[in-house]
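S.K.:
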DNA sequence: GTTAGCACTCCTCTTTATTGAGTGCTAATA
DNA sequence: TATTAGCACTCAATAAAGAGGAGTGCTAAC
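What follows is the structure, encoded as structure tokens:
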């Protein structure tokens, strides 16, 4: 059987209506509220066909039809009309000076959740190979040394080291030079035992400190490599009865709190299978890799903050989410983040 | 009417039983499972008295009794037997090197949630007046300057500043001396316009940079002053039917996500009204200042990490929470955090 | 190919028992 | 005077039965 123009129109009408109401859609509704001018009986025949083809299904014998995963998929792939959503607050917020990546990401998640009324998550941008850019030791007081470690992409980590011996300013200067000349530009894999022992030798009596600093560098890079994720609006799931029952809600909220699974989900998108052109991907129902979201749809978008720093934004809602709006909003935010980076760069 | 020994025993039995089962407790149950050797009829008379006195109440005419808020209060104040809870994982986790306060607090919240099966929250320790301890500018590359700001209590903040002019190492050294000599040891209120303009004058052509650094300092101190809160185990509320219905759960989860109200709640405890001796406080039902928790009990404990750095831990659960266990666990953790600080200090 | 008409299905909501745990009260007992 | 046995009564919870209605599939006519 073929999906002709009329069937498409009916399918679209069923899905649109179901997205709005969340109730099964009957033939009479379609007959009345479309410009097809067909009686409910005709619609019924067509709907029976659509059901046979797998695009819609009946919850029970005498109920209207609801879209199947296949139906949603067809809608998203072929019939969606992206709404170009203004994200007003977004603009205002982003203009503020945001030195801290963390604050920015939290805000994006928050605004997005308020805007869409779904649950949102966002992963911090990452480069694949983190290189060391800069190290600085300084004396905080007699017993404490501060090590500041800057990684490519201006990620900064701090570490307080306790020292026994009193260090002169000159010694610290020397250590700084030693550390920077030897380590700058290296990734974690490139800092090998050879380099380390050579440096310790050169440091002489202060070899121990060099060792500690190197440990701190390793830890800093590693910490940067595991994914930081911020979420918002998890309690929006209670807005949708099909997700709000105890078991489902509990599982979902747990997933959002644990964050580990979210990481895998977001990274799958960043890796970039499918939808490479736009960086936006839609998972419907069983398509999502995360089991607790099998009754949800997930829309993810990759964003780039220059330098190949890629992160991912995700929106989780019911299968009957407003795909048009969500995709539109995400695209707006992609653009805004891109602009933000450029602006910051030229500041 | 007086609360004699027998009435106390019966009250205790009612509460203990209700804590376990969550079901109203009948007279026959009490008669059978206590060593009072009284018939259910006698118990019924006593229970009628206890109800009149306000310690217990009936959900409806022909049901058993459940504790009232007043009943719980009496139990907590007079009849509780703290269980000295071993928090094994806690011990293991804390021994690990924890340079980052954030990681430590997240772990405490997490372990506590797993241990008690309630929702937990913890606020980062705070000093009242944050003094500047140390500033350091360094050149990351031609266009960027890194400002590291250390606040009393070894809280470290970073800031990248963009600069137009090329700065020599010597200039930076001078600026560092200028900043440290003028600002160290000052609180945010003590850095006034006089100091600022004097410094700018001394900095000459680099006045703009000084201005930016001072802004960064102000921001850093302010950021430190607003309360950071970490939560865990929010989805534990689904374990307790009396909290798991949609509306209540949604409100609670929202409170935990927004965090602002939690801050007020935790700070009320830190302020220290009541229970000063132990730093542990129990809010039952309507007693909590947070409306969404009116069907919950909240137990909070203040902890100290030396230097007058005080923070608060909170546990939120149903009114029939295992007070004995919760209070015992919190006390253990107080001790452990105290020991942790001492150990770190002598490292 | 389209439509009107009708019997049929099955969910939903309401109404009506039925059950059972637990009470309060009274009268008998120690 | 305190305790207890006994009994009628209450009321939530559960099940069973019935009414209503939205929507379908099918058939026959247009």
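Protein chains in written order, with our numbering: chain A, 14 to 360; chain B, 14 to 360. Note that the Cβ used here is the ideal one computed from N, Cα and C, for glycine as well. Bear in mind the structure is a predicted one, so any value in this text is a computation, not a measurement.
Would you tell me roughly how many angstroms separate the C-alpha atoms of residue 122 (chain A) and residue 245 (chain A), rounded to the nearest one?
M.R.: 6 Å
S.K.: From which residue to which residue does the alpha helix (DSSP H) around residue 264 (chain B) run?
M.R.: Per DSSP, residue 264 (chain B) belongs to the alpha helix (DSSP H) from 259-271.
S.K.: To the nearest angstrom, report how far apart residue 22 (chain A) and residue 96 (chain A) are at their CA atoms.
M.R.: The straight-line gap from Cα to Cα measures roughly 19 Å.
S.K.: Just to make sure I have the definition right: I need the residues of chain A whose C-beta is within less than 7 Å of the C-beta of residue 151 (chain B). Which are they?
M.R.: Scanning chain A for C-beta atoms nearer than 7 Å to the C-beta of residue 151 (chain B) yields 149, reported in chain order.
S.K.: Can you pull the DSSP bridge partners for residue 162 (chain B)?
M.R.: For residue 162 (chain B), which the question treats as bridged, DSSP gives the partners B:148 and B:170.
S.K.: Could you give the uninterrupted runs of the beta strand (DSSP E) lying entirely in the stretch 204-256 of chain A, keeping only those of 3 residues or more?
M.R.: 242-245
S.K.: Could you name the residues of the stretch 247-263 of chain B whose beta carbon sits closer than 8 Å to any beta carbon of chain A, in the order they occur along the chain?
M.R.: 247, 248, 251, 257, 259, 262 and 263
S.K.: At the 9 Å Cβ level, is residue 161 (chain B) part of the contact set with chain A, yes or no?
M.R.: yes
S.K.: Kindly say whether residue 245 (chain A), judged by its beta-carbon, lies nearer than 9 Å to any beta-carbon of chain B.
M.R.: Chain B contact via Cβ: present.
S.K.: Listed in chain order, which residues of the stretch 189-212 of chain A have Cβ atoms closer than 7 Å to some Cβ of chain B?
M.R.: none
S.K.: Got a sec: is the Cβ-Cβ distance from residue 173 (chain B) to anything in chain A below 9 Å?
M.R.: yes
S.K.: If you compare alpha carbons, which of B:294, B:267 and B:270 is closest to residue 280 (chain B)?
M.R.: Taking each of B:294, B:267 and B:270 in turn and checking the Cα distance to residue 280 (chain B), the smallest one comes out for B:294.
S.K.: Just the Cα atoms here: how many angstroms apart are residue 265 (chain B) and residue 259 (chain B)?
M.R.: The alpha-carbon atoms of residue 265 (chain B) and residue 259 (chain B) are separated by roughly 10 Å.
S.K.: Looking at C-beta atoms only, is the number of pairs between the stretch 178-192 of chain A and the stretch 208-219 of chain A that lie closer than 8 Å three or more?
M.R.: yes
S.K.: Please state whether the Cβ-Cβ distance between residue 32 (chain B) and residue 308 (chain B) is less than 9 Å.
M.R.: Contact: no.
S.K.: Who are residue 80 (chain A)'s beta bridge partners in DSSP?
M.R.: A:69
S.K.: Whole angstroms are fine: how far does the CA of residue 323 (chain A) sit from the CA of residue 351 (chain A)?
M.R.: Residue 351 (chain A) and residue 323 (chain A): Cα-Cα distance of roughly 11 Å.
S.K.: Under three-state DSSP, which class holds residue 140 (chain A)?
M.R.: DSSP places residue 140 (chain A) in coil when its eight states are reduced to three.
S.K.: Sorted by chain position, which residues of the same chain lie with C-beta nearer than 6 Å to residue 5 (chain A)'s C-beta, five sequence neighbours on each side aside?
M.R.: Lying before the first or after the last residue shown, residue 5 (chain A) is absent from chain A, which here runs from 14 to 360.
S.K.: Out of A:48, A:272, A:34 and A:209, state which residue places its alpha-carbon closest to the alpha-carbon of residue 331 (chain A).
M.R.: A:34
S.K.: Given residue 43 (chain A), which residues of its chain have a CB within under 7 Å of its CB, disregarding the five upstream and five downstream residues?
M.R.: 23, 26, 27 and 56
S.K.: Starting from the N-terminal side, write out each stretch of the beta strand (DSSP E) that is 3 residues or longer and does not extend beyond the stretch 291-356 of chain B.
M.R.: 293-297, 309-317 and 323-331
S.K.: In angstroms with no decimal places, state the Cα-to-Cα distance between residue 326 (chain A) and residue 340 (chain A).
M.R.: 11 Å
S.K.: The alpha helix (DSSP H) that contains residue 176 (chain A), what's its start and end?
M.R.: Careful: residue 176 (chain A) lies outside any alpha helix (DSSP H) and carries neither H nor E.
S.K.: If we call anything under 9 Å between Cβ atoms a contact, is residue 253 (chain B) one with residue 333 (chain B)?
M.R.: yes
S.K.: Tell me, please, whether the CB atom of residue 273 (chain B) is closer than 9 Å to any CB atom in chain A?
M.R.: no
S.K.: Is the beta carbon of residue 277 (chain A) closer than 9 Å to that of residue 311 (chain A)?
M.R.: For residue 311 (chain A) and residue 277 (chain A), no; Cβs fall outside 9 Å.
S.K.: Identify the continuous alpha helix (DSSP H) that holds residue 31 (chain B) and give its terminal residues.
M.R.: 18-34
S.K.: Could you tell me which residues DSSP pairs with residue 133 (chain B) in its beta bridges?
M.R.: B:245 and B:328
S.K.: State yes or no: is the C-beta of residue 161 (chain B) within less than 9 Å of the C-beta of residue 145 (chain B)?
M.R.: no
S.K.: Going by DSSP in three states, residue 89 (chain A) sits in which element: helix, strand or coil?
M.R.: helix
S.K.: Going by other Cβ atoms of all chains shown within 10 Å of its Cβ, with 16 needed for buried, is residue 345 (chain B) buried or exposed?
M.R.: Buried, since its Cβ has 16 or more Cβ neighbours within 10 Å.
S.K.: Measure the C-alpha to C-alpha separation of residue 36 (chain A) and residue 77 (chain A) and round it to an integer number of angstroms.
M.R.: 8 Å
S.K.: Please name the residue, chosen from A:184, A:63 and A:127, that lies closest to residue 79 (chain A) on a Cα-to-Cα basis.
M.R.: Per the C-alpha coordinates, the member of A:184, A:63 and A:127 positioned closest to residue 79 (chain A) is A:63.
S.K.: Residue 40 (chain B) lies in the alpha helix (DSSP H); which residues open and close that run?
M.R.: 40-46
S.K.: Could you check whether residue 250 (chain B) and residue 132 (chain B) sit closer than 9 Å to each other, using their CB atoms as the reference points?
M.R.: yes
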